[in-house]
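Chemist: My questions all concern the structure below.
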Ligand code: 26Q
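In our numbering, the protein residues as written are 156 to 973.
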């Protein structure tokens, strides 16, 4: 491998020369005029020269291997900043820090200049990024395939408390230093047009798709650097270029100007990431994105396979295509089309290959998030694919008939085509039918996938449905974001935990050790101070670091119930003002969340929290007992600042709604105690840390179901609980918006008149009790320290290295490259 592997052959003087050279020759900046930003760009470019070489070496090395390779297809990779992370993984952090110091430059300042590439919405995209880190760190052969959006997730700011969105230009004017254009990998992708039959040279009747428009997919590679192991995997992102509009003459003869519309539409394909999280909208451009992504990625996988002189029938043995939710499911008919139409395989041969190549991960049970596309739209945009989907469905219906003869209900429930006035294609059904493995993302979620979402498929395809519990990379989410914690862990245990997180269980032995408890709490306090300083500097609000830092950071969604948290804050406010005997340990409630721009009630909840914050934070009567802060523009780098500082992790979704959660894992590893429902991976976190070290409350999945079956009436709770009534009334009168009474009424209405779809009121009192237990518990600092240490010690299961091992053993059946 290259000389830049572990930093063992690092030549400081050479690095300094290269840095100065790049600054001058590539950025055209004279050293004495260089800004921190210039140094950041120069540093990124120098380092990415190292990783580019590692990338090519790894590529050649993997191609030579006879093992199966993983192709992780995802519309989102929420990678976060790369420079600091890559320095750690290259083993160069301290060396570069020192080399820069000699030049009077502070590495930490330089790292702050990097914009977060926000090529994802939230959990699903961040999971893909953690998985790439774990694949590389465990030297497993893999490629991540995604889209090169020009604009990532919108930037969020607040204007008078309301969310305002602005475009995210993550590549800035001078480009992103870590990406490399790979023009030799360009793919061609078709849209629209028609299917024609023809007879080939041997007189065989065949079909081919004649697209109305062709576009180009340009590859950009980002390096995914393995942890100090010389491996660098490609994250390959496709950018859409529209070529010559005259192609269209055939497509739409006569109407020259009108004929440009498809080109205009196509030229937007990779312009912007759709900002929806757990909600689909059925927009044509989104389907174009999905198909563009799949056509480029499947094209690249086949190109690699064939370039090595391999036969198509060995594809399933050598390549697995893991589908990150249904977003890339159109890859299935695309591969079928290529095998049948372009490579002249029979239907059965092609189907055999596809059903042994694809695997699908489900991330949601929410009905509004299950993707369906109108048949008409697919037939227009991708006519050949629609035919193939019908053919796949035909075979499925035959199989369903064999299993349940004469049962029309089963046919209509399992059909890929949802019948009705406007027929819809159910992407999850297509995924389940074709994939050789289907997994949920936490034990509870996977059970519900079997029990509630696909019980018939579970019967039809025994053992296909399985679980792989999510995980997060300890490199970014402990080592990089919490260096102080990392130091005290390494002092006790050595640094093996960074590679093998189960070693962190060794901390258990120090949970009762007063000295270690002190050290742990000192680290926590320092991290709180760091966050407080940042908040002071950027938002002018002073936080008391003796307070409990109580954190809810995640997308804003009704099912995640930020408004339950808000109601509890209102109850504290109300009681502190009205009950002389009532007292609490000071608490700082920290929120960060983006709402989808079209999600009105989510935006109203943000507004309500901001207005409450303003009133509460300025109410002198509270004696600093209560602070509420909503930090704008939640993103990976902000999470890296908040998580190490958290005492309490809010994981309070309605049971059965959060597939897994991954923030819950990051917070627990960093010594925050969870207050949460029996939902998603909370269930497994509780199993690991034990009941004494977590605050579980609220209705369980079966209780939620039973209550809804009985007929849920939120007014019953409102009328019978005076505390709750007072809180909801505060939202309806002018307590927080004196100049505009009733402005927060939509949140209360949602919970009362609109039926409270996520059972906030039903869980309110149990939640308040659990919060009371948190307050009591925090007053015993030594016992709290023990609980926090045990959270760090006992959550190693949630390393994404373990998730990837589960995939490798149970789904991909891989062995490590080395
Ligand atoms: C679909 C169609 C059209 C436009 C957008 C979308 C879309 C985009 C993103 C639908 C869903 C998402 C994201 C879903 C997501 O992040 N799910 C989360 O996945 C995590 C990783 O498995 C889990 O931990 C979370 O529980 C789950 O909510």
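Every residue gets a Cβ at the ideal spot worked out from N, C-alpha and C, and that includes glycine.
Give me the Cα-Cα distance between residue 299 and residue 317, rounded to the nearest whole angstrom.
Modeler: As a first step, residue 299 must be located in the chain shown, where it is residue number 144. As a first step, residue 317 must be located in the chain shown, where it is residue number 162. Note on geometry: alpha-carbon atoms of residue 299 and residue 317 lie some 36 Å from one another.
Chemist: Please classify residue 799 as buried or exposed, where buried requires at least 16 neighbouring CB atoms within 10 angstroms.
Modeler: The residue labelled residue 799 in the question sits at position 644 within the chain shown. Residue 799 comes out buried.
Chemist: By the three-class DSSP mapping on this structure, what secondary structure does residue 707 have?
Modeler: Within the chain shown, numbered from 1, the residue matching residue 707 stands at position 552. Three-state DSSP puts residue 707 in a strand.
Chemist: My guess is that residue 847 and residue 780 are in contact by the Cβ rule of under 8 Å, so how many angstroms apart are they, rounded?
Modeler: Numbered from its first residue, the chain shown carries residue 847 at position 692. Numbered from its first residue, the chain shown carries residue 780 at position 625. Going by Cβ atoms, the distance from residue 847 to residue 780 rounds to 26 Å, so no, they are not a contact pair.
Chemist: Can you list, in chain order, the residues of its chain with a C-beta nearer than 8 Å to that of residue 348? Leave out the 5 residues immediately preceding and following it.
Modeler: Residue 348 sits at position 193 when you count from the first residue of the chain shown. Once the five neighbours on either side are set aside, the close Cβ partners of residue 348 are 364, 365, 366, 367, 368, 406 and 538.
Chemist: DSSP state of residue 303, grouped into three classes?
Modeler: Mapped onto the chain shown, residue 303 falls at position 148. Coil, per DSSP.
Chemist: Going by DSSP, name the residue or residues bridged to residue 515.
Modeler: Taking the first residue of the chain shown as 1, we reach residue 515 at position 360. Bridge partners of residue 515: 478 and 593.
Chemist: Please list, in chain order, all residues of the same chain as residue 519 whose beta carbon is under 8 Å from its beta carbon, the five residues on each side excluded.
Modeler: The count along the chain shown starts at 1 and reaches residue 519 at position 364. Closer than 8 Å at Cβ, skipping near neighbours: 433, 480, 525 and 814.
Chemist: Which same chain residues, not among the five before or five after residue 173, have their C-beta less than 6 Å away from its C-beta?
Modeler: In the chain shown, the residue the question calls residue 173 occupies position 18. Result list for residue 173: 201, in chain order.
Chemist: Beta carbon of residue 436: closer than 7 Å to some heavy atom of the ligand 26Q?
Modeler: To locate residue 436, count along the chain shown from 1; it is residue 281. It does: the Cβ of residue 436 is within 7 Å (strictly closer) of some heavy atom of the ligand 26Q.
Chemist: Restricting to Cα atoms, I'd like to know which of 670, 644 and 674 is closest to residue 661.
Modeler: Translated into the one-based positions of the chain shown, residue 661 becomes position 506. The candidate whose alpha carbon is nearest that of residue 661 is 644.
Chemist: Compute the Euclidean distance between the alpha carbons of residue 240 and residue 246, then round it to the nearest angstrom.
Modeler: Position 85 of the chain shown, counted from the start, is the residue given in the question as residue 240. Position 91 of the chain shown, counted from the start, is the residue given in the question as residue 246. If you take the alpha carbons of residue 240 and residue 246, they lie about 10 Å apart.
Chemist: If residue 397 and residue 223 are in contact, beta carbons under 8 Å, what's the gap, nearest whole angstrom?
Modeler: Locating residue 397 in the chain shown gives position 242, counting from the first residue. Locating residue 223 in the chain shown gives position 68, counting from the first residue. Their Cβ separation, rounded to whole angstroms, is 36 Å, which puts residue 397 and residue 223 out of contact at 8 Å.
Chemist: Taking only three categories from DSSP, how would you classify residue 447?
Modeler: Residue 447 sits at position 292 when you count from the first residue of the chain shown. In this structure, residue 447 counts as helix in the three-state DSSP scheme.
Chemist: Taking only the alpha-carbon atoms, compute the straight-line gap between residue 163 and residue 171 and give it to the nearest angstrom.
Modeler: Indexing the chain shown from 1 puts residue 163 at position 8. Indexing the chain shown from 1 puts residue 171 at position 16. If I take the Cα positions, the gap works out to 17 Å.
Chemist: Could you check if residue 768 is buried or exposed, using at least 16 other CB atoms within 10 Å of its CB as the buried criterion?
Modeler: By 1-based counting over the chain shown, the position of residue 768 is 613. The residue is buried, with at least 16 neighbouring Cβ atoms inside 10 Å.
Chemist: Please classify residue 719 as buried or exposed, where buried requires at least 16 other C-beta atoms within 10 Å of its C-beta.
Modeler: As a first step, residue 719 must be located in the chain shown, where it is residue number 564. Counting Cβ neighbours within 10 Å, residue 719 comes out buried, since at least 16 surround it.
Chemist: For residue 808, does the three-state DSSP call read helix, strand or coil?
Modeler: Start at 1 with the first residue of the chain shown, and residue 808 comes out as number 653. Looking at residue 808 - three-state DSSP - the assignment turns out to be coil, as it is neither helix nor strand.
Chemist: State the start and end residues of the unbroken beta strand (DSSP E) segment that holds residue 395.
Modeler: Within the chain shown, residue 395 is the residue found at index 240, counting from 1. It spans 387-397 - the beta strand (DSSP E) in which residue 395 sits, taken as one unbroken run.
Chemist: Considering residue 898, what are the terminal residues of the beta strand (DSSP E) in which it resides?
Modeler: By one-based count along the chain shown, residue 898 stands at place 743. No beta strand (DSSP E) holds residue 898; DSSP gives it neither H nor E.
Chemist: Please list, in chain order, all residues of the same chain as residue 111 whose beta carbon is under 6 Å from its beta carbon, the five residues on each side excluded.
Modeler: This structure gives no information on residue 111, because the portion of the chain shown stretches from 156 to 973.
Chemist: Exposed or buried, which one is residue 635 when buried takes at least 16 other CB atoms within 10 Å?
Modeler: Counted from its first residue, the chain shown places residue 635 at position 480. Buried, by the Cβ-count rule.
Chemist: Where do the N-terminal and C-terminal ends of the alpha helix (DSSP H) with residue 320 fall, by residue?
Modeler: Counting from 1 along the chain shown, the entry for residue 320 is found at position 165. Segment 317-321 is the beta strand (DSSP E) holding residue 320; no alpha helix (DSSP H) there.
Chemist: Output the distance between the C-alpha atoms of residue 175 and residue 186, rounded to the nearest integer angstrom.
Modeler: Translated into positions along the chain shown, residue 175 becomes position 20. Translated into positions along the chain shown, residue 186 becomes position 31. Going by the C-alpha atoms only, they are around 7 Å apart.
Chemist: State yes or no: is the C-beta of residue 957 nearer than 7 Å to some heavy atom of the ligand 26Q?
Modeler: Counting from one through the chain shown, the residue named residue 957 turns up at place 802. It does not: the Cβ of residue 957 is nowhere closer than 7 Å to a heavy atom of the ligand 26Q.
Chemist: What's the gap between the Cα of residue 557 and the Cα of residue 495?
Modeler: On the chain shown, residue 557 is found 402 positions in, with the first residue counted as 1. On the chain shown, residue 495 is found 340 positions in, with the first residue counted as 1. Their Cα atoms are separated by approximately 27 Å.
Chemist: By a C-beta neighbour count over all protein chains shown, 10 Å radius and 16 as the cutoff for buried, is residue 297 buried or exposed?
Modeler: As a first step, residue 297 must be located in the chain shown, where it is residue number 142. Looking at its Cβ environment, which holds 16 or more other Cβ atoms inside 10 Å, residue 297 is buried.
Chemist: In three-state DSSP terms, what is residue 174?
Modeler: On the chain shown, residue 174 is found 19 positions in, with the first residue counted as 1. Residue 174 falls in the helix class under three-state DSSP.
Chemist: Residue range of the alpha helix (DSSP H) that residue 623 falls in?
Modeler: For this step, residue 623 is matched to residue 468 along the chain shown. Per DSSP, residue 623 belongs to no alpha helix (DSSP H) and is neither H nor E.
Chemist: Determine the direct distance from the alpha carbon of residue 266 to that of residue 972, and round the result to whole angstroms.
Modeler: For the purposes of this step, residue 972 is taken as the residue at position 817 of the chain shown. For the purposes of this step, residue 266 is taken as the residue at position 111 of the chain shown. Because residue 972 sits at a pLDDT of 49, beneath the cut-off of 50, its placement in the model cannot be relied upon, and the following sentence gives the value as read from the coordinates. Taking the straight line joining both Cα atoms gives about 32 Å.
Chemist: Near residue 954, what residues of its chain come up, given a Cβ to Cβ distance below 6 Å and the 5 sequence neighbours on each side ignored?
Modeler: On the chain shown, residue 954 is found 799 positions in, with the first residue counted as 1. Contacts found: 626, 629 and 656.
Chemist: What are the start and end residues of each continuous beta strand (DSSP E) run of 3 or more residues lying completely inside the stretch 815-855, in chain order?
Modeler: The beta strand (DSSP E) runs lying completely inside the stretch 815-855 and spanning 3 residues or more are 828-831, given in chain order.
Chemist: Under the rule that 16 or more other beta-carbon atoms within 10 Å means buried, what is residue 959, buried or exposed?
Modeler: Taking the first residue of the chain shown as position 1, residue 959 is located at position 804. By the neighbour-count rule (16 or more Cβ atoms within 10 Å), residue 959 is buried.
Chemist: Thinking residue 866 and residue 810 are a contact (beta carbons under 8 Å), I'd like their distance in whole angstroms, please.
Modeler: Locating residue 866 in the chain shown gives position 711, counting from the first residue. Locating residue 810 in the chain shown gives position 655, counting from the first residue. In fact, because the Cβ distance is near 18 Å, the residues do not count as touching under 8 Å.
Chemist: On the criterion of 16 or more Cβ atoms from any shown chain inside 10 Å, does residue 694 qualify as buried, or is it exposed?
Modeler: As a position in the chain shown, residue 694 is number 539, starting the count at 1. The residue is exposed, with fewer than 16 neighbouring Cβ atoms inside 10 Å.
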